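In numbering that gives the first Met the number 0, the protein residues as written are 0 to 194.
For reference, the structure is listed below as structure tokens.
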Amino acid sequence: MDKHLFNLKFAAKELERHSKRAEKQERVQKLKCKKAIQNGNTEGARIYAENAIREKNQALNFLRMASRVDAVASRVQTAVATKSIAQSIGGVTKAMDSAMKSMNLEKISQIMDKFEKQFEDLDVQTNTMESTISNAMGTMSPEAQTDNLMKQIADEAGLELNLELPSVATSTLSSTKETTKEDELSKRLAALRSM
0 MDKHLFNLKF AAKELERHSK RAEKQERVQK LKCKKAIQNG NTEGARIYAE NAIREKNQAL
60 NFLRMASRVD AVASRVQTAV ATKSIAQSIG GVTKAMDSAM KSMNLEKISQ IMDKFEKQFE
120 DLDVQTNTME STISNAMGTM SPEAQTDNLM KQIADEAGLE LNLELPSVAT STLSSTKETT
180 KEDELSKRLA ALRSM
């Protein structure tokens, strides 16, 4: 049982390491997104932001799995401790039988104190396990949006992100075209009048 407990704890640590690697990759992708925003590459920034979100979700998933494996390890550890305590209680019962036969009150009192201490240890271990399991099941994270992440990165860097840039550029371009058309029409009208 101890070997399985060791393997479970090792697996939980390995999953935590994978989570930290994914968090590191998330930071790298955010930096790439920031550079793309600085260079005016909105599409590239969007791709890096999506990668950062994917890495963040992966880190959370690894962390969730590590928490579940840790909860299982806690259960196994509690089972091992419970088995040990059950054996101790069996020994205490035999000791109480012999103490009762001799009617040594001091020995009976010592045995009862030991018995109560072992039950207190079992309660502490059970409460710790329940606390670990409830914490493991309570970790949920909201989904992040690509645009919000891009805006957050731009705000942190003190940059201005123009997600609406294509529509602004289109309206500016269309107003320039209209002015050009009006100039051409005015010239043609003036040429027709002069004839």
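We treat Cβ as the ideally placed atom computed from N, Cα and C, and that holds for glycine.
Source: prediction; values computed, not measured.
> What does a CB cutoff of less than 8 Å around H3 pick up in its chain, not counting 5 residues either side in sequence?
Replying inline: V75
>> I'd like to know whether the C-beta atoms of I46 and M149 end up nearer to each other than 8 Å.
In response: no
> Which same chain residues, not among the five before or five after A21, have their C-beta less than 7 Å away from its C-beta?
Replying inline: E54, Q57, A58, F61
> Which class does G43 belong to by DSSP, given the choice of helix, strand or coil?
Replying inline: Here G43 sits in helix by DSSP.
>> Could you compute how far the alpha carbon of S83 sits from the alpha carbon of A156?
In response: 58 Å
> Candidates K19, T179, E119: which alpha carbon is nearest A65's?
Replying inline: The residue among K19, T179, E119 with its C-alpha nearest the C-alpha of A65 is K19.
>> In whole angstroms, give me the CA-to-CA distance for K116 and V123.
In response: So the two alpha carbons sit approximately 11 Å from each other.
> Under 8 Å between the Cβ atoms of A48 and C32?
Replying inline: yes
>> With a threshold of 8 Å on Cβ separation, who are the neighbours of L164 within its own chain once the five nearest residues in sequence on each side are excluded?
In response: At L164, the pLDDT of 39 sits below 50, so the modelled position is not reliable and the matter cannot be decided from this model.
> Going by the beta-carbon positions, is the gap between L7 and V71 smaller than 8 Å?
Replying inline: yes
>> What ranges does the beta strand (DSSP E) occupy inside the region 4-42, keeping only unbroken runs of at least 3 residues that lie completely in it?
In response: none
>> Rounding to the nearest angstrom, what Cα-Cα distance links Q28 and A44 in this structure?
In response: Computed Cα separation, rounded: 9 Å.
> Would you report the Cα separation of P141 and E25, rounded to the nearest angstrom?
Replying inline: With a pLDDT of only 40 at P141, under the threshold of 50, the placement of this residue in the model should not be trusted; the figure read from the coordinates follows. C-alpha of P141 to C-alpha of E25: approximately 16 Å in a straight line.
> If we count the other Cβ atoms within 10 Å of its Cβ and call it buried at 16 or more, is D112 buried or exposed?
Replying inline: Burial state of D112 is exposed, judged by a 10 Å Cβ sphere holding fewer than 16 other Cβ atoms.
> By DSSP, does G90 sit in helix, in strand, or in coil?
Replying inline: helix
> Does the Cβ-Cβ distance between D1 and V68 come in under 8 Å?
Replying inline: no
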